[in-house]
Amino acid sequence: MTALELDGVHTYYGESHILQGLSLSVEAGEIVALVGRNGVGKTTTLRTALGLTPPREGTVRFDGTDVTGMEPHEIAARGMGWVPEERRVFSHLTVAENLRVAAHSAADPDARIAEAYELFPALDRFADKEAGDLSGGQQQMLAIARGMVGDNDLLLVDEPSEGLAPQIVEDVVEALRAASADTTMVLVEQNFRLAMDLADRFYLVDHGVVVEEGETAGVTSDDERIRRYLTA
Amino acid sequence: MSLGTLPAVVDAAALASALDPSALLATGGAVDGLRTAARVLAEGIGKGAVYFTIAVGLTLVFGLMGVLNFAHGAVAMVGAYLGGLVLVIVVGANTGTLATILVFFVALALVFAVTTAAGSAMEVTLIRPIYDRTPTYQILLTFGVSLIIEEVARIVLTLRGIQPDPQWQAPMATAPDVLLGRTQLFGVGVRRLYLFEIAIGAVVAVAVWAFLTKTLYGLYIRAGSEDTEMVQALGVDVRKAFTVVFGVGTGLAAVGGVLLMWDPIWGPSVLLSIDVLLYAFVVVIIGGLGSFTGTLAAAGIVGIADSVTTWLFTTGIVTFPGLSEVTIFLLLVVMLIIRPQGLYGVEEVGGH
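Protein chains in written order, with UniProt numbering: chain E, 1 to 232; chain V, 1 to 352.
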């Protein structure tokens, strides 16, 4: 079953034409990576799917339902979660409160939060600590946990390794693998190798359209069809 | 006018007499001095409770929505008149103290309910369509609403034969005698009205704190104050939260108005609209726009500054009658210079 489908999507920021007829499809249960240079429209693709930056043309379907033009909270309530770039945790709320806001739509919020603590024991230890006082890696764990506790079927993850030390990135990768066990995932990631390691398939985006797609197995950034789109 | 003709602002003799240590010791004045300080402090806290009550709704609305509601003072004015109306209708010459206070609380609840509903309706019909515009539109709109409310109030009051500018005395006369005198607390005579205002201010503070920290809606509001878009992306209908918060903020402004109705310093008058707005802005800016804790702290600071400067004037140490207002607005200016985001404010709230 198709979890997410973008069909001929055109999205603008003011008069800047960012997505120029982008189409992609994500099957339930898979991890799909969006790769490409900075500023080609990867983050905008996620924002368009979630309704935060609605498209002027084209269609967004989520679990078979046309969600184009729906409000972000309506799309999110249907089971689409977001782990945004730069984490965007609520820094003045405690870790527990961050998770509580996200778990409001879950059938059993307490059980979902307990599962998140099992997966991320560090968060359990710092449950009463303000999120703004956590390290970058801990905040990223919280952002991922927050995306998971809402009974989401699809998780949109934007630049999860950004600004993190290599050792912490490994922990984040493990967390994402764990999260993907029962959630479809769309991953935007600058680190090409990491994206290929995690994902089943990839879409290479350039100037607001998909220019390459395929299985990730065996793909490297030295591949000629990839390299010319990743180098400036 | 030459400098020599300017009136003296500080009475040097009165100041020396008040601060003379030998005279204080000889007459037992040190104890009196401590008592005076305690009384001034208690009255400052009383004034702070009033300032908190009139400002907390404004800071809640700005914190979540980024809307500076210039109609806040006008709503407080309406609250003072509506509360007064209930008391004038219900309380008669034979109504007992307890019954009068009970009617006051019924009026408080009624006014809160009516103005909360009106505020919610205002958010849906007037504010919501202009969220995407610059803050100037929201300021102009709410300022326009404030002018309309004031003019409608003037028309209605004039038609009812009530002068809009001097305080409407009838509801003030319903204040029970028990609130008019002073009571001895640890040897300090404190006006009972201030104690009453402190009690109501404390109840409002605890209720708002509990709403913000113990309810799911309060959690949405605190999260939304930091990042509205992220809250939406977590499946929360922020528009509903906006409506609830604007309604509650409006209701709290009106509760502040009801509280001021019995206070001889304020009292129901159309001018209450601008007075409340100015003081509410001073408190929320000093405390930090959008911060509950900041509003609480700033209300205490402004209240005590007001109380001390009022004492300086009433004892004749300072003869400048505008000392209190000048001091409070100086506090605002100093805060804007040294810490523009206020005591507990953040540089940006609600993603606005």
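All residues carry an ideal CB built from backbone N, CA and C; glycine is no exception.
Predicted, not measured: the structure shown is a model, and the values here were computed from it.
Under a CB-based cut-off of 8 Å, is residue i close to chain V?
i	result
PHE90 (chain E)	yes
GLU162 (chain E)	no
LEU142 (chain E)	no
THR11 (chain E)	no
ARG100 (chain E)	yes
GLU97 (chain E)	yes
LEU93 (chain E)	yes
SER105 (chain E)	yes
ALA127 (chain E)	no
PRO72 (chain E)	yes
ALA179 (chain E)	no
ALA116 (chain E)	no
ALA3 (chain E)	no
ALA111 (chain E)	no
ALA199 (chain E)	no
PRO166 (chain E)	no
PRO121 (chain E)	no
ALA77 (chain E)	yes
Answer with yes or no whether the minimum CB distance from residue i to chain E is below 8 Å.
i	result
ARG222 (chain V)	yes
MET230 (chain V)	yes
LEU296 (chain V)	no
ALA210 (chain V)	no
VAL244 (chain V)	no
GLY235 (chain V)	yes
GLU226 (chain V)	yes
HIS352 (chain V)	Its pLDDT being 46, under 50, HIS352 (chain V) is placed unreliably by the model, and the measurement read from it follows with that caveat. False, the Cβ-Cβ gap to chain E never drops below 8 Å.
VAL124 (chain V)	no
VAL56 (chain V)	no
MET1 (chain V)	Unreliable placement is indicated for MET1 (chain V), whose pLDDT of 40 sits below 50; the coordinate value is still reported in the next sentence. Chain E, which has no Cβ nearer than 8 Å to the Cβ of MET1 (chain V), makes this no.
VAL108 (chain V)	One detail in the question is off: residue 108 (chain V) reads as Leu in this sequence, not Val. No, its Cβ sits nowhere closer than 8 Å to a Cβ of chain E.
VAL284 (chain V)	no
LEU216 (chain V)	yes
LEU219 (chain V)	yes
VAL238 (chain V)	yes
VAL349 (chain V)	Reliability fails at VAL349 (chain V), whose pLDDT of 49 lies under 50, so the model's placement of it is uncertain and no value is given.
So for residue i, helix, strand or coil by DSSP?
i	result
GLY163 (chain E)	coil
VAL188 (chain V)	strand
residue 233 (chain E)	This structure cannot settle anything about residue 233 (chain E), because the visible part of chain E is limited to 1 through 232.
GLN20 (chain E)	strand
TRP209 (chain V)	helix
VAL270 (chain V)	coil
TRP311 (chain V)	helix
ALA241 (chain V)	helix
GLU57 (chain E)	strand
ARG112 (chain E)	helix
TYR12 (chain E)	strand
GLU130 (chain E)	strand
VAL318 (chain V)	strand
VAL209 (chain E)	strand
ARG227 (chain E)	helix
ALA93 (chain V)	coil
PRO264 (chain V)	coil
SER180 (chain E)	coil
GLY342 (chain V)	coil
GLU197 (chain V)	helix
SER2 (chain V)	Reliability fails at SER2 (chain V), whose pLDDT of 44 lies under 50, so the model's placement of it is uncertain and no value is given.
Tell me, please, which residues DSSP counts as bridged to residue i.
i	result
ALA33 (chain E)	E:LEU187 and E:PHE202
GLY81 (chain E)	E:LEU155
LEU6 (chain E)	E:LEU24 and E:VAL60
ASP66 (chain E)	E:ARG61
GLY214 (chain E)	E:PHE202
ARG182 (chain V)	V:ARG191
THR94 (chain E)	E:GLU130
VAL88 (chain V)	Answer is none; VAL88 (chain V) lacks a bridge partner.
Return the Cβ separation of residue i and residue j in integer angstroms, given the expectation that the two are a contact with Cβ distance under 8 Å.
i	j	result
THR59 (chain V)	SER291 (chain V)	7 Å
GLU159 (chain E)	GLN190 (chain E)	6 Å
LEU50 (chain E)	ILE75 (chain E)	6 Å
residue 282 (chain E)	PHE192 (chain E)	In the structure as shown, chain E starts at 1 and stops at 232, and residue 282 (chain E) therefore has no counterpart that could be examined.
ALA102 (chain E)	GLY150 (chain E)	5 Å
VAL276 (chain V)	GLY249 (chain V)	The Cβ separation is near 13 Å, so there is no contact.
TRP82 (chain E)	LEU156 (chain E)	5 Å
Residues in the region 42–58 of chain E with C-beta within 7 Å of chain V's C-beta atoms, listed in sequence order?
-> For the region 42–58 of chain E, which is checked against every Cβ of chain V, the residues closer than 7 Å are LEU50 and LEU52.
Near-chain E residues of the region 73–88 of chain V (beta-carbon distance less than 8 Å), N- to C-terminal order | So nothing in the stretch comes that close.
With 8 Å as the C-beta to C-beta threshold (strictly closer), list the residues of the region 131–160 of chain E near chain V in chain order.
-> So the close ones are ARG146 and GLY150.
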